[in-house]
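So the sequences go chain by chain: Z and U. Per my numbering, the very first residue in the first sequence carries number 53; after that it's consecutive. Per my numbering, the very first residue in the second sequence carries number 248; after that it's consecutive. No residue lacks a Cβ here, since even glycine has one placed at the ideal position from N, Cα and C. Right, one structure below, let's go through it.
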Amino acid sequence: MKTIDYTVGGDGVAILTIDVKDKPMNVLTPDFLADIAAVADRLGADAKLKGAVITSGKSSFMAGADLKQIVDSFDEERDVAQVYGWCRTLQQALRRLETCGKPIAAAINGTALGGGLEVCLACHYRVVGDNPKTRLGQPEVSIGLIPGAGATQRLPRLIGIERALRLMTEGRHLRPAEALEAGIVDQLVPEGQEVEAARAWVLERGVAVQPWDQKGFKVPGGAGLMHPAAVQTFVVGSALLQKMTNHNYPAPLAIMSAVYEGTVLPIDKALDLESKYFTRMLMSTVARNMIRTLFLNKGAADKLVRRPKSPARRPVQKLGILGAGMMGAGIAYVSAQAGMQVVLLDTGLDKAEHGKDYSRKLLQERVDKGRMGADDARAVLDRIATTTDYAELAGCELVIEAVFEDRGIKAGVTGKAEAAIGADAIFASNTSTLPITSLAQASARPEQFIGIHFFSPVDKMPLVEVIVGEQTGEVAIAQALDYIQQIGKTPIVVNDSRGFYTSRVFGTYSREGITLLAEGVNPALIENVAKHAGMPVGPLAVTDEVSLELSYHVMRQTRKDLGDAYRPSAADAVVTRFVEEFDRRGKRFGKGFYDYPEGAKKHLWPGLAEHYPLAAEQPAPDEVRKRLLYVQALETVRCMEEGVLTHPADADIGSVFGWGFPPYTGGTLSFIETVGLAEFVREADRLARAYGERFAVPKTLRGMAERGETFYGNQRKAEQRSAA
Amino acid sequence: MTDAYIFDHVRSPRGRGRANGSLHEVTPVALLTQVLEAIRDRNGLDTSRLDDVVMGCVSPVGEQGACIARTAVLNANYAENVPGKQLNRFCASGLEAVNTAAAQVMSGQSDLTIGGGVECMSRVPMGSDSGAMHADPAVATRIYFVPQGIGADLIATLEGFTRDDVDAYAAESQKRAANAWEQGWFARSVVPIRDQLGSTLLDRDEHLRPGTTVQDLAELKPAFEVPGQQAGFDAVALQKYPQVESIRHVHTAGNSSGIVDGAAAVLIGTRESGKALGLTPRARIRGFASIGTDPTIMLTGPAPSAEKVLKRCGMTAQDIDLFELNEAFASVVMLFMRRLDVPHERINVNGGAIALGHPLGATGAMILGTVLDELERRDANTALVNLCVGGGMGTATIIERV
Chain Z
53 MKTIDYTVGG
63 DGVAILTIDV
73 KDKPMNVLTP
83 DFLADIAAVA
93 DRLGADAKLK
103 GAVITSGKSS
113 FMAGADLKQI
123 VDSFDEERDV
133 AQVYGWCRTL
143 QQALRRLETC
153 GKPIAAAING
163 TALGGGLEVC
173 LACHYRVVGD
183 NPKTRLGQPE
193 VSIGLIPGAG
203 ATQRLPRLIG
213 IERALRLMTE
223 GRHLRPAEAL
233 EAGIVDQLVP
243 EGQEVEAARA
253 WVLERGVAVQ
263 PWDQKGFKVP
273 GGAGLMHPAA
283 VQTFVVGSAL
293 LQKMTNHNYP
303 APLAIMSAVY
313 EGTVLPIDKA
323 LDLESKYFTR
333 MLMSTVARNM
343 IRTLFLNKGA
353 ADKLVRRPKS
363 PARRPVQKLG
373 ILGAGMMGAG
383 IAYVSAQAGM
393 QVVLLDTGLD
403 KAEHGKDYSR
413 KLLQERVDKG
423 RMGADDARAV
433 LDRIATTTDY
443 AELAGCELVI
453 EAVFEDRGIK
463 AGVTGKAEAA
473 IGADAIFASN
483 TSTLPITSLA
493 QASARPEQFI
503 GIHFFSPVDK
513 MPLVEVIVGE
523 QTGEVAIAQA
533 LDYIQQIGKT
543 PIVVNDSRGF
553 YTSRVFGTYS
563 REGITLLAEG
573 VNPALIENVA
583 KHAGMPVGPL
593 AVTDEVSLEL
603 SYHVMRQTRK
613 DLGDAYRPSA
623 ADAVVTRFVE
633 EFDRRGKRFG
643 KGFYDYPEGA
653 KKHLWPGLAE
663 HYPLAAEQPA
673 PDEVRKRLLY
683 VQALETVRCM
693 EEGVLTHPAD
703 ADIGSVFGWG
713 FPPYTGGTLS
723 FIETVGLAEF
733 VREADRLARA
743 YGERFAVPKT
753 LRGMAERGET
763 FYGNQRKAEQ
773 RSAA
Chain U
248 MTDAYIFDHV
258 RSPRGRGRAN
268 GSLHEVTPVA
278 LLTQVLEAIR
288 DRNGLDTSRL
298 DDVVMGCVSP
308 VGEQGACIAR
318 TAVLNANYAE
328 NVPGKQLNRF
338 CASGLEAVNT
348 AAAQVMSGQS
358 DLTIGGGVEC
368 MSRVPMGSDS
378 GAMHADPAVA
388 TRIYFVPQGI
398 GADLIATLEG
408 FTRDDVDAYA
418 AESQKRAANA
428 WEQGWFARSV
438 VPIRDQLGST
448 LLDRDEHLRP
458 GTTVQDLAEL
468 KPAFEVPGQQ
478 AGFDAVALQK
488 YPQVESIRHV
498 HTAGNSSGIV
508 DGAAAVLIGT
518 RESGKALGLT
528 PRARIRGFAS
538 IGTDPTIMLT
548 GPAPSAEKVL
558 KRCGMTAQDI
568 DLFELNEAFA
578 SVVMLFMRRL
588 DVPHERINVN
598 GGAIALGHPL
608 GATGAMILGT
618 VLDELERRDA
628 NTALVNLCVG
638 GGMGTATIIE
648 RV
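Right, here's the structure in full:
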């Protein structure tokens with residue numbers, strides 16, 4: 053056997069140690085499944101054996117399937133029968149194990165997620181070691197899949213429908229004690245004693261029949277629609293599921309249906325049913341999109357896939373921050389949390405201290421919630437030094453300016469900081485709107501000048517956009533990426549452009565929403581459809597949150613900078629009226645597209661109906677949805693075409709983690725691939741005819757569609773070429 | 248086509264559908280049995296002449312299961328040759344049973360039938376039969392199922408009906424129902440329900456609250472705000488109706504139909520069969536129709552089903568003297584009045600289920616009888632009986648005095 057070490061002790065208990073070679077974690081490979089089936093036969097055949105203990109030879113127990121393999125399979129010829137056959141193999145191997153006639157206990161000596169936990173559920177007894185790092189759960193739903201190795205059937209039979217559904221539809225990870233309380237494991241033992249405890253169970257109390265294979269078995273709490281509790285669970289569960297998914301994610305529903313239909317079937321039929329649902333999910337592009345972007349590409353970005361090979365990694369020990377406003381304060385907090393010495397500089401000490409107050413507040417909350425010790429919190433705070441003196445920046449490997457978006461002010465602080473810091477220090481701007489190349493003109497060493505664009509609030513937002521100016525050198529890129537990895541965020545790397553990538557594309561979303569309003573489309577329809585399409589916030593609400601005032605300033609600045617090249621949008625006039633005529637400048641000011649009554653829910657400003665009367669004919673929700681999503685996808689393609697983006701993965705990660713482009717799409721470019729390039733081009737052409745130039749199809753995209761290419765396909769070919 | 252005539256109808260009084268309701272101790276089969284006995288006895292009916300007994304019942308499980316119609320036929324000691332069938336078109340089941348019984352006559356396959364219905368909501372609570380429509384996740388999500396109260400609130404939101412509007416409608420229903428009882432207008436068709444010792448348990452509808460004012464109603468809490476917001480139903484409804492910013496929850500226990508126990512029966516047949524038995528036709532069933540509409544908002548079926556049956560009969564709303572539309576929720580009736588331009592003076596003239604209660608499987612047969620009595624009292628001719636129906640349906644029947 054390649055993946056399982058089979059050793060029988062003098063007491064007649066077989067110890068099965070899983071160790072899938074060449075993988076950092078045990079995963080469900082075809083070899084492993086063959087080995088499990090072989091083990092089951094061997095256990096059943098050996099009359100002298102008393103039973104078996106399954107454990108892991110690695111520090112974690114087992115993860116689930118090999119996700120890279122699943123994503124790659126989308127590019128291969130495959131049909132439903134094939135995928136279903138594979139799913140059944142998985143099911144049957146574990147089913148043979150639990151019916152082999154010998155008691156089998158799982159000694160869970162580390163994290164067991166997805167398929168890993170399902171192996172344990174197919175055992176007759178589960179012991180988990182009390183390791184603070186161990187997590188148990190069925191997280192498949194977070195990547196568009198459902199459990200496929202029996203959990204949708206064994207879990208509800210073990211702990212009841214409602215609890216099983218919650219675990220699987222939320223995909224939550226449980227600590228060992230929580231897993232014991234939930235009834236997923238039978239015994240919690242000190243770390244390292246898992247195998248002994250499991251062996252003791254086999255010898256002293258071993259039972260070789262699962263509860264669901266015993267006569268008269270009933271699902272705890274009841275199953276089927278003659279059970280009022282089950283009815284209530286499914287009625288309310290179906291509504292809450294729709295609220296959560298907006299009908300965009302098939303996996304939670306597949307889980308619920310598998311449990312609904314399966315819990316009234318005998319276990320073998322029930323497992324087969326799960327395989328059918330699992331097959332459908334494996335065939336769905338949502339799973340491909342989510343695994344590719346949220347897991348594989350994000351994982352690669354977190355490992356700094358875009359980092360130049362040299363220079364060697366240089367962690368930031370001392371970080372300078374210029375400007376203690378909201379962004380500066382947030383950057384100080386996350387950096388100090390990550391262990392860096394932080395110099396927080398502003399024009400007045402009171403201002404700098406005010407910025408530090410943000411960390412005081414967040415740390416206090418963590419202490420109050422018991423997530424952090426008071427001493428640790430104090431140590432973090434002590435790492436943030438406030439000052440007005442540029443000399444204090446001496447020794448910083450990296451300085452980030454987060455001052456007001458004004459070229460003059462930025463140029464001033466750049467000069468002063470560069471005078472104080474070492475020759476090899478990197479200077480970064482956290483601008484969200486001004487081109488990096490132009491800001492670098494104020495730098496004496498533009499090759500060490502780079503953009504590090506944070507999102508607000510810094511402590512919550514997972515993405516950081518690194519902007520490479522025309523003269524930015526590799527050392528600066530490496531330093532920026534090393535720093536972002538230190539603070540535990542996900543970087544993307546883009547080239548300079550107005551609004552870079554994220555702000556530029558995100559702007560098209562809010563502008564399209566405002567344009568719809570200007571056309572007389574019902575604002576409730578605009579906002580609801582956006583949310584139903586999966587955007588976290590409607591375009592009008594988000595403009596309120598960013599503030600109409602800011603949109604107004606950016607618009608005027610851009611118009612000034614671009615002169616005749618500026619292309620006005622229908623949204624410009626709306627934004628101008630809201631600021632100049634209505635004095636409704638956004639949420640911060642208490643009024644914008646919405647009213648913000650004290651102590652009550654916000655609601656759309658009734659004045660909208662007067663100033664933007666509803667058009668007699670309202671568009672279908674689908675048309676609004678298309679406009680809001682397509683406009684973003686098309687602008688992303690332009691960013692690819694112009695070289696602002698160099699990799700489709702950056703486009704997808706940036707859109708999902710930067711501004712919440714719906715994860716089921718996989719991101720702005722995966723969205724196009726999901727629609728299909730030819731179909732997307734056809735629809736965009738129609739939208740361009742109906743609504744204007746902003747939907748015009750970029751040449752490269754049209755060419756790709758004609759040649760039957762895809763973004764990721766071309767990327768892979770390019771990588772193969774450069775490897776060869 | 249043979250004409251189907253109505254010879255008589257009886258109903259039980261409506262008992263509060265709770266443990267303190269006066270009919271709570273009566274089993275569904277016993278309740279329906281007493282109604283069947285009454286229609287037999289007061290007409291001196293030779294039951295062996297009946298070709299079928301069709302009964303509506305919305306939760307046909309437990310005590311209401313196993314074909315309650317045939318069970319009650321046997322229990323009422325009808326002739327053995329009388330079959331029975333139970334059907335379910337949710338809230339219109341009672342009317343649908345009458346329509347089906349009439350259809351057997353109209354098609355020439357039966358000469359004499361009974362249609363009606365029964366629902367003891369105090370003993371077999373609403374939803375006891377569960378069902379795929381709302382509990383099978385694949386189905387419930389495909390049709391964007393939400394409870395009917397959310398649909399009623401959504402109608403009010405879309406139509407701009409305020410809490411005051413719906414409460415005013417409800418207060419008027421209470422006033423009309425109380426007046427009708429006071430004047431004795433219901434007396435002819437309501438049969439007292441007795442216990443085994445022969446004592447009367449109930450001889451009047453007991454759900455109504457005479458003297459209810461708009462101010463009283465304003466005190467009540469919206470019934471569907473909590474499920475709407477906490478169980479996710481509002482969000483589901485908005486996915487189907489994205490033009491609505493948020494649902495205004497205006498319906499309460501006071502402006503929605505009451506939960507009650509009750510049963511009803513309507514005697515239907517050809518003119519000839521009536522003549523042979525000495526029965527006088529009181530009205531002719533001119534036509535009926537059912538229709539499907541959006542299942543999410545669920546309750547907008549009345550207007551299209553009314554239009555459908557009017558068209559079939561070659562009539563317009565102006566040809567109808569009295570409308571009787573089940574008061575499932577105030578907004579349902581208000582929407583109907585707006586769509587068909589029906590003045591309040593011509594609809595639900597003696598109140599409705601807001602005051603009297605809505606025994607799901609029986610209501611359709613009850614309100615058909617109520618409006619027939621009222622036609623006779625006023626010496627008017629035509630009436631349209633109508634109900635909104637779960638799953639997004641509507642059922643309507645037109646009757647005409649002869």
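It is roughly 50 Å from the alpha-carbon of W657(Z) to the alpha-carbon of A496(Z). When C-beta distances to chain Z are compared with 7 Å, the residues of the segment 464-486 of chain U below that value are A478, G479, F480, A482, V483, L485 and Q486, in chain order. In the three-state DSSP reduction, Q245(Z) falls in the coil class, being neither helix nor strand.
Contact annotation: the segment 432-439 of chain Z touches the segment 397-409 of chain Z, with at least three C-beta pairs closer than 8 Å. Listed along the chain, the chain Z residues whose CB falls inside 7 Å of the CB of H381(U) are V287. Counted as a single uninterrupted DSSP element, the beta strand (DSSP E) harbouring I106(Z) occupies residues G103 to S108. Using beta-carbon distances, Q205(Z) does not count as an interface residue toward chain U, since no partner is under 7 Å. By the C-beta criterion, the segment 481-498 of chain U is judged not to be in contact with the segment 291-301 of chain U, since fewer than 3 inter-stretch pairs fall below 8 Å. About 5 Å separates the beta carbons of A703(Z) and T688(Z), which is inside the 8 Å limit, making them a contact pair. Within the same chain, G273 and G274 come within 7 Å of A281(Z) by CB-CB distance, once the 5 residues on both sides are set aside. Around L323(Z), the same chain offers Q143, R147, G202 and Q205 as residues with beta carbons nearer than 7 Å, after the five sequence neighbours per side are excluded. If you check each beta-carbon in the segment 551-564 of chain U against every beta-carbon of chain Z, none falls closer than 9 Å.
Distance from the Cα of A266(U) is smallest, within the candidate group I286(U), V257(U), N595(U) and P372(U), for P372(U). Rounded to whole angstroms, G162(Z) and P498(Z) show a C-alpha spacing of 49 Å. Beta-bridge analysis with DSSP links L240(Z) to V180(Z). When the beta-carbon positions are compared, G181(Z) and E243(Z) come within less than 7 Å of each other. Taking C-alpha positions only, G534(U) is separated from D481(U) by approximately 37 Å. Interface flag for H176(Z) against chain U is unset, since no Cβ pair is found closer than 7 Å. With the rule of 3 Cβ pairs closer than 8 Å, the segment 251-260 of chain U does not count as touching the segment 410-418 of chain U.
The residue among G407(U), T447(U), A399(U) and D452(U) with its C-alpha nearest the C-alpha of A424(U) is D452(U). When 8 Å is used as the limit between beta carbons, Q294(Z) is near these residues of chain U: T388, Y391, G479, A482, V483 and Q486, in chain order. The beta carbon of G276(Z) sits closer than 8 Å to those of A282, T315 and V316, all from its chain and outside the five residues before and after it, given in chain order. Under DSSP, I160(Z) shares a beta bridge with V180(Z). By alpha-carbon distance to I211(Z), the top candidate from E771(Z), V626(Z), G168(Z) and E233(Z) is E233(Z). Shown here, V518(Z) sits in a strand according to DSSP, grouped into three states. At a cut-off of 7 Å between beta-carbon atoms, H584(Z) makes contact with chain U. Closer than 9 Å at the C-beta level to chain U, one finds these residues of the segment 661-695 of chain Z: Q670, P673 and V676. Counting only the Cα atoms, A381(Z) lies some 20 Å from G464(Z). For the set V557(Z), I307(Z), T55(Z) and R227(Z), the Cα lying nearest the Cα of T720(Z) is the one of V557(Z).
In the same chain as A426(Z), and ignoring 5 residues on each side of it, the C-beta atoms closer than 7 Å to its own belong to V419, in chain order.
Beta-bridge annotation (DSSP): A510(U) is paired with V365(U).
Contact between R677(Z) and V581(Z) is confirmed by a C-beta separation of about 5 Å, below the 8 Å threshold. For P489(U), the nearest CB of chain Z lies under 7 Å from its own CB, placing it at the interface with that chain.
Taking I56(Z) as the centre and dropping the five residues before and after it, the same chain places the C-beta of L68, T69, I70, D71, F84, D87, I88 and V91 closer than 8 Å to its C-beta, in chain order.
According to DSSP, P543(Z) shares a beta bridge with V516(Z). About 5 Å separates the CB atoms of T388(U) and S290(Z); that is less than 8 Å, so the two are in contact.
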